[in-house]
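Student: Going letter by letter, the sequence shown gives residues 163 to 336 in my numbering. In this text, a Cβ means the ideal position worked out from N, Cα and C, and glycines have one as well. Owing to the predicted nature of the structure, the values given are computational and were not obtained by experimental measurement.
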Amino acid sequence: MGEHARQIQDRLAERLAAALPDAEWTVERSVGADGGGGGGGGTPVDVVGESEERLVLVELEWRRADPANNTATLFRHLAEGGALRRTLEDRDAVVVQLFTSYYDLASGGVSSKRKDATFVGAAAEEYLETVAYQPIDLPIDPPKGGGTLPDGWSGAVDAAVESIVSAVGGSGRG
């Protein structure tokens, strides 16, 4: 992802930190291969919030060809024996997948790519007892190379943060 996606990530982390100050929020955090710390060849997650009670993993689906891969990879790491599982201890995890309007169909509805990703997320949520999954809309059209972020992008991010806060607050599955 480029500079525009990074602006979105930064705003997400900033707003989430203000709304959920008990968690430590980081951007582009590598999780998985080394048990959750930075570097080490893990899976990069766009925004991560970590508190004593919960681990929140926010994936921004900007223009990814296969967003189901993101959910499958994160849930694999969260499964029993997975590298990220060790970081949970007695905490719950919430995986949030933010979908831009790139995945919307002109005729209405959403693309099969988004449907596949949400299916994987919902199935994994059923399988993993202490993990919740939440797909959330981020109603902006991501600009193509050289473009600019659309008017209203910051408000759209702020609305997505409200949805994330609601999802995290109501996700107590453990």
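Rounded to whole angstroms, what's the CA-CA distance from glycine 308 to glutamate 223? Just pull it up for me.
Tutor: Answer to the nearest angstrom: the Cα atoms are 19 Å apart.
Student: Applying the 10 Å Cβ sphere with the 16-neighbour rule, what's the burial state of arginine 248?
Tutor: exposed
Student: Return the residue from the list Asp299, Glu291, Ala294 and Val210 that minimises the CA-CA distance to lysine 277.
Tutor: Asp299
Student: Quick check for students: name the residue ranges of the beta strand (DSSP E) that lie wholly in the segment 237-271, counting only runs of 3 or more.
Tutor: Fully enclosed beta strand (DSSP E) runs of 3 or longer: 254-262.
Student: How about the segment 252-264 and the segment 289-305: do they share at least three Cβ pairs that are nearer than 8 Å?
Tutor: Three or more pairs of CB atoms, one per stretch, sit closer than 8 Å, so the segment 252-264 contacts the segment 289-305.
Student: Locate the beta strand (DSSP E) running through aspartate 299, then write down its first and last residues.
Tutor: Secondary structure note for aspartate 299: its beta strand (DSSP E) is the uninterrupted segment 293-300.
Student: Just to confirm, does asparagine 231 get its C-beta within under 7 Å of one of the non-hydrogen atoms of the ligand NAP?
Tutor: By its list of ligands, the structure shown contains no ligand whatsoever, and the ligand NAP lies outside what it can speak to.
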